[in-house]
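J.:
Protein chains: 2
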Amino acid sequence: MTLFTGLSAFPITPANQSGRVDTDALRTLISRLAGSGIDSIGLLGSTGTYMYLSRDERARAIESAIAEAAGRVPVIAGIGALRTDDAIALAGDAKALGAAAGLLAPVSYTLLSENEVFEHFAAVAGESGLPIVIYDNPGTTHFRFTSELIARLARLPGIVAAKNPTVTPDDSPAHLATLRAQVPPGFSVGYSGDWNCVEALIAGADAWYSVLAGMFPTVCVNLARTAREDSVEARRLNAALTPVWDLMRQHTGLRVIYALAERLGIRAEPPRPILPLAERVKQQVLDTFDALSETLDQSGVI
Amino acid sequence: MTLFTGLSAFPITPANQSGRVDTDALRTLISRLAGSGIDSIGLLGSTGTYMYLSRDERARAIESAIAEAAGRVPVIAGIGALRTDDAIALAGDAKALGAAAGLLAPVSYTLLSENEVFEHFAAVAGESGLPIVIYDNPGTTHFRFTSELIARLARLPGIVAAKNPTVTPDDSPAHLATLRAQVPPGFSVGYSGDWNCVEALIAGADAWYSVLAGMFPTVCVNLARTAREDSVEARRLNAALTPVWDLMRQHTGLRVIYALAERLGIRAEPPRPILPLAERVKQQVLDTFDALSETLDQSGVI
Chain A
1 MTLFTGLSAF
11 PITPANQSGR
21 VDTDALRTLI
31 SRLAGSGIDS
41 IGLLGSTGTY
51 MYLSRDERAR
61 AIESAIAEAA
71 GRVPVIAGIG
81 ALRTDDAIAL
91 AGDAKALGAA
101 AGLLAPVSYT
111 LLSENEVFEH
121 FAAVAGESGL
131 PIVIYDNPGT
141 THFRFTSELI
151 ARLARLPGIV
161 AAKNPTVTPD
171 DSPAHLATLR
181 AQVPPGFSVG
191 YSGDWNCVEA
201 LIAGADAWYS
211 VLAGMFPTVC
221 VNLARTARED
231 SVEARRLNAA
241 LTPVWDLMRQ
251 HTGLRVIYAL
261 AERLGIRAEP
271 PRPILPLAER
281 VKQQVLDTFD
291 ALSETLDQSG
301 VI
Chain B
1 MTLFTGLSAF
11 PITPANQSGR
21 VDTDALRTLI
31 SRLAGSGIDS
41 IGLLGSTGTY
51 MYLSRDERAR
61 AIESAIAEAA
71 GRVPVIAGIG
81 ALRTDDAIAL
91 AGDAKALGAA
101 AGLLAPVSYT
111 LLSENEVFEH
121 FAAVAGESGL
131 PIVIYDNPGT
141 THFRFTSELI
151 ARLARLPGIV
161 AAKNPTVTPD
171 DSPAHLATLR
181 AQVPPGFSVG
191 YSGDWNCVEA
201 LIAGADAWYS
211 VLAGMFPTVC
221 VNLARTARED
231 SVEARRLNAA
241 LTPVWDLMRQ
251 HTGLRVIYAL
261 AERLGIRAEP
271 PRPILPLAER
281 VKQQVLDTFD
291 ALSETLDQSG
301 VI
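Line order of the protein sequences matches chains A and B.
Numbering-wise, UniProt numbering puts 95 at position 95 of the first sequence, and it's gapless, one number per residue.
Numbering-wise, UniProt numbering puts 152 at position 152 of the second sequence, and it's gapless, one number per residue.
Put into C-alpha cells, the structure is as follows:
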C-alpha cells in the first residue's frame with residue numbers, strides 16, 4: 001500500500017494535565033500500531049488532541065512516534081493551528097522530524113471564508129514543502145469544504161489527499177463520485193467517522209482515517225481489507241461493531257477511546273476542559289467492548 | 001458608573017503578521033477611549049483577536065493598555081484559551097497586570113458539554129481570584145449558554161457578569177427578563193452585537209459590549225446615554241447608524257472595524273488566515289462611514 005491508501009490509525013496522545021506528552025505511553029500505542037498491518041499512523045489528529053498541545057510537545061510526540069515506528073509505518077502529523085504562521089512552523093517541524101505528511105484542518109475562532117481557507121492552505125503547502133492532507137472536520141473547525149474548494153486546492157503542488165467527514169453511512173459514495181470527477185488523478189480521497197466508513201471503502205475510497213484503529217488496529221485492518229474483497233462480509237463485520245459505533249456516536253470517538261485506553265493499561269485523561277466519561281458511562285463502554293471483543297475473538301477477526 | 005455597567009468598548013489589538021502587538025498603535029486607541037466617556041475597555045475580545053495572540057503578547061497588550069488608561073477607565077481583559085490551565089495562567093497574568101476583570105469564553109475545538117463548561121469556569125474563577133465576565137459568543141465558541149447554566153455560574157464567587165449575544169434587535173428584552181429572574185441581585189447582564197443593543201439597553205440591560213465603540217466611542221456613548229433617557233430618540237439615533245450596522249452584519253464587525261482603522265491613521269491587518277476586506281468592499285465601508293460621520297456630525301451626536 002502507498003501512503004494515503006488503506007487504513008490510517010489515529011491514536012490518542014497520552015499527556016498529563018499540564019500538557020506534557022507521556023512519550024512512554026505514546027510509544028506503547030505506536031508499537032502496537034506499527035506491527036498491526038495498518039498503512040499509516042495519523043498522529044496528532046483531533047483524537048490526538050493536537051489543538052491542546054504546544055509546539056514543543058507536538059514535536060516531542062512526533063519524534064517519539066517516528067522513533068518507535070522506525071520506518072515500518074509512515075507518520076502523518078496534525079499541523080493545524082489558528083494562525084497561518086503557526087501552521088507553517090508546525091509543518092516545518094513535522095517535516096524536519098521525518099513526518100511523511102501533514103494533516104491540516106482550517107481551525108477557526110473567527111469563522112473563515114472559502115478564500116481565507118484557500119490562502120491558508122496555499123501558504124502552508126507552499127512554504128513548508130510538506131505534503132498536505134486536507135482535513136475537513138466541520139464538527140471542530142466549523143468550516144465545510146465544498147468539492148470545488150478541494151478541487152482547487154488539489155491542483156496546488158504538495159496538496160495530495162483529503163480526509164473527508166461522513167454524516168451517515170450512505171453519504172460517502174455520492175460524495176466520492178463528485179470529488180473524483182473534479183480532482184486530479186492520483187489525489188487521494190479518504191473518509192473518517194468510523195461508523196460510516198465501510199460504505200466509503202466499498203465504494204472505492206482510497207483511505208479510511210480511523211479512531212478505533214488508533215487503539216484496536218487488528219479488527220479495523222480486517223474490516224478495511226474485507227471491504228476491498230467481499231462487501232457482504234464487510235457489512236456483516238461492520239454490523240457486528242455496531243455497539244462500539246453507537247457509543248462513539250453518542251459520546252464522541254475521543255471520549256470513548258480515552259475510556260478504552262484502560263484496556264491497554266494506559267492511564268490517560270483528555271486535556272481539561274474536556275472531561276473523561278462519567279464512571280457509569282465509562283463502565284458501560286468497557287463492558288460493551290469486552291463483550292464485543294469476546295465475540296469477535298471467537299469469530300477470529302480481532 | 002460602576003464596573004460592568006454602561007458602555008464597554010472593544011478595540012482591535014494592532015499587531016504585525018508575526019503576532020507582535022504594536023503597542024504604540026494600541027495606546028493611540030486606548031487614549032481615545034480613556035477620554036471619551038465610556039465605562040470600561042474590553043481589551044483582547046474577539047475583535048481584539050485574543051485567540052491569535054500568545055500569552056506574552058497578550059500580557060504586553062494588557063500592560064500597555066493599563067498604562068495608557070492610567071486609572072481613568074477600568075480594563076476587562078480576554079483570558080479565553082482552549083486549555084483550562086492556560087486560561088487560569090492568563091487570568092493570573094491579567095490580575096497581576098491590573099486588569100479589573102477577565103472575559104472568559106468557552107473556547108472549543110472538541111465541542112464541550114454544559115458540565116465541562118461549568119467546571120472550566122469554576123476552575124478559572126476559583127484558582128485565579130480574578131472577577132470573571134462570562135463571554136457567551138456561540139459564533140466563535142460553538143457553545144450556547146442556557147440561562148440555567150449562567151445562573152449556576154453566577155452563584156459561584158467571582159463570577160460577576162455575563163456578556164450575552166443578540167441575534168435580532170428584539171430578542172434581548174425577553175432574554176434579559178429570563179436571566180434576571182434566575183441570577184443573584186447585582187450580577188451584571190449585558191449584551192453584544194452592536195446593531196441589536198439599543199433594545200437591550202432600553203429594556204434595562206446593565207451593559208453594552210460594543211465593537212464600534214472600540215474605535216468610535218463618542219457616538220456610542222451618546223447612544224448608550226440616550227437609551228437610558230429617551231427611547232424614541234435612542235431608536236432614531238440607532239436607525240441613523242443602520243448603514244454601519246448593515247456592513248458589520250454582512251462582513252463581520254471585526255473585518256469592518258479593521259477597514260475603518262485607516263480613518264484613525266492606524267495601519268493594521270487582522271492575523272492570517274483572516275484577510276482584510278477586498279479593496280472594493282473596504283472602499284464601500286470607508287465611503288459609508290464618511291457619509292455617516294458627516295450626517296452625525298451635523299446633528300451633533302458624534
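Here a beta-carbon is modelled for each residue, glycine too, at the ideal position from N, C-alpha and C.
Check each candidate in Gly102/A, Gly129/A, Thr140/A, Ile132/A and name the one with the smallest Cα separation from Leu112/A.
T.: Residue numbering aside, residue 112/A sits at position 112 when the first sequence is read from its first letter. Among Gly102/A, Gly129/A, Thr140/A, Ile132/A, the Cα nearest to that of Leu112/A belongs to Thr140/A.
J.: Mark Ala15/A as exposed unless 16 or more other C-beta atoms lie within 10 angstroms of its C-beta, in which case mark it buried.
T.: On the first sequence, residue 15/A is found 15 positions in, with the first residue counted as 1. Looking at its Cβ environment, which holds 16 or more other Cβ atoms inside 10 Å, Ala15/A is buried.
J.: State the beta-bridge partners of Val183/A as determined by DSSP.
T.: On the first sequence, position 183 is the one that residue 183/A refers to. Paired residues: none, contrary to the question.
J.: Does DSSP classify Ser113/B as helix, strand or coil?
T.: The sequence position of residue 113/B within the second sequence is 113, counting from 1. Note: Ser113/B maps to coil in three-state DSSP.
J.: Could you tell me whether any Cβ in chain A is nearer than 8 Å to the Cβ of Leu149/B?
T.: Taking the first residue of the second sequence as 1, we reach residue 149/B at position 149. Chain A contact via Cβ: absent.
J.: Tell me which residue opens and which closes the alpha helix (DSSP H) that Ser54/A is part of.
T.: As a working note, residue 54/A is residue 54 in the first sequence. Run containing Ser54/A: none; DSSP gives neither H nor E here.
J.: Restricting to Cα atoms, I'd like to know which of Met248/A, Ala224/A, Ala259/A, Thr295/A is closest to Leu286/A.
T.: Within the first sequence, the letter at position 286 stands for residue 286/A. Cα-wise, what sits closest to Leu286/A is Ala259/A.
J.: I'd like to know whether the C-beta of Asp171/A is nearer than 8 Å to at least one C-beta of chain B.
T.: Taking the first residue of the first sequence as 1, we reach residue 171/A at position 171. With 8 Å as the cut-off, Asp171/A does not count as an interface residue toward chain B.
J.: Which one or two residues does DSSP pair with Gly265/A in a beta bridge?
T.: Position 265 of the first sequence, counted from the start, is the residue given in the question as residue 265/A. For Gly265/A, which the question treats as bridged, DSSP gives no partner whatsoever.
J.: Which bits of chain B does Leu82/A rub up against, with CB to CB less than 7 Å?
T.: Walking along the first sequence from the start, residue 82/A turns up at place 82. By Cβ distance, chain B contributes Met51, Tyr52.
J.: Using CA atoms only, rank isn't needed, just tell me which of Phe289/A, Thr84/A, Glu269/A is closest to Thr49/A.
T.: Locating residue 49/A in the first sequence gives position 49, counting from the first residue. Looking at the Cα atoms, Glu269/A is the closest of the given residues.
J.: Along the chain, which unbroken stretches of the alpha helix (DSSP H) at least 4 residues long are found entirely within the region 131 to 187 of chain A?
T.: The qualifying runs are 138 to 141, 147 to 154, 172 to 180.
J.: By Cβ distance below 8 Å, which residues in the same chain neighbour Ala100/A in space, the five residues on each side in sequence not counted?
T.: Start at 1 with the first residue of the first sequence, and residue 100/A comes out as number 100. Leu3, Ser40, Pro74, Val75, Ile76, Pro131.
J.: So is Gln17/B in contact with chain A if we call contact Cβ pairs under 8 Å?
T.: Counted from its first residue, the second sequence places residue 17/B at position 17. At least one chain A Cβ lies under 8 Å of Gln17/B.
J.: Pick out whichever of Ala94/A, Ala87/A, Pro165/A has its Cα sitting closest to the Cα of Val124/A.
T.: Here residue 124/A corresponds to residue number 124 of the first sequence, with the count starting at 1. Ranking Ala94/A, Ala87/A, Pro165/A by Cα distance to Val124/A puts Ala87/A first.
J.: What does DSSP give as the partner residues of Ile41/A in its beta bridges?
T.: Counting from one through the first sequence, the residue named residue 41/A turns up at place 41. Answer is Ala9/A, Val75/A.
J.: Please report whether the beta-carbon of Tyr209/B lies at a distance below 8 Å from any beta-carbon of chain A.
T.: Residue numbering aside, residue 209/B sits at position 209 when the second sequence is read from its first letter. For Tyr209/B, the answer is no, since every Cβ of chain A falls outside 8 Å of its Cβ.
J.: Starting from the Cα of Leu153/A, find the closest Cα among Ala96/A, Tyr135/A, His142/A, Asp170/A and give me that residue.
T.: Along the first sequence, one-based indexing puts residue 153/A at 153. Here the closest residue by C-alpha is Tyr135/A.
J.: Taking C-alpha atoms, which residue in Gln182/B, Pro173/B, Val183/B lies nearest to Tyr191/B?
T.: Reading the second sequence from its first residue, position 191 is the one you call residue 191/B. Comparing Cα positions, the closest option is Pro173/B.
J.: Where does Val198/B sit, in a helix, a strand or coil, going by DSSP?
T.: The residue you call residue 198/B lines up with position 198 of the second sequence. Three-state DSSP puts Val198/B in a helix.
J.: According to DSSP, which residues form a beta bridge with Trp245/A?
T.: Counting from one through the first sequence, the residue named residue 245/A turns up at place 245. DSSP, once it has assigned bridges, lists no residue as partnering Trp245/A.
J.: Comparing C-alpha positions only, which one of Ser128/B, Ser108/B, Leu149/B, Glu148/B sits nearest to Ala96/B?
T.: The count along the second sequence starts at 1 and reaches residue 96/B at position 96. Minimum Cα distance to Ala96/B is reached at Ser128/B.
J.: Would you give the residue range spanned by the alpha helix (DSSP H) that Leu237/B belongs to?
T.: Your numbering for residue 237/B matches position 237 in the second sequence. From DSSP, the alpha helix (DSSP H) with Leu237/B extends over 231 to 240.
J.: Would a check of beta-carbon distances place Arg272/A closer than 8 Å to chain C?
T.: Among the chains of the structure shown, chain C does not appear; the protein chains present are A and B.
J.: Using a Cβ-Cβ cut-off of 6 Å (strictly less than) and excluding sequence neighbours within five positions of Cys197/A, which residues of its own chain qualify?
T.: Counting from 1 along the first sequence, the entry for residue 197/A is found at position 197. Cβ within range, chain order: Tyr191, Trp208.
J.: In its own chain, which residues sit with a C-beta less than 6 Å from the C-beta of Met1/A, not counting the 5 before and 5 after it?
T.: Taking the first residue of the first sequence as position 1, residue 1/A is located at position 1. Caution is warranted here: a pLDDT of 43 is assigned to Met1/A, below 50, making its placement in the model unreliable, and no coordinate value can be reported.
J.: So with CB distances below 9 Å, who are the chain B contacts of Ser46/A?
T.: Start at 1 with the first residue of the first sequence, and residue 46/A comes out as number 46. Residues of chain B passing the Cβ test: Tyr109, Thr110.
J.: Under 7 Å between beta-carbons, which chain A residues line up against Gly35/B? List them in chain order, please.
T.: Taking the first residue of the second sequence as position 1, residue 35/B is located at position 35. Going along chain A, no residue has its Cβ under 7 Å from Gly35/B, so there is no contact; the nearest lies around 29 Å.
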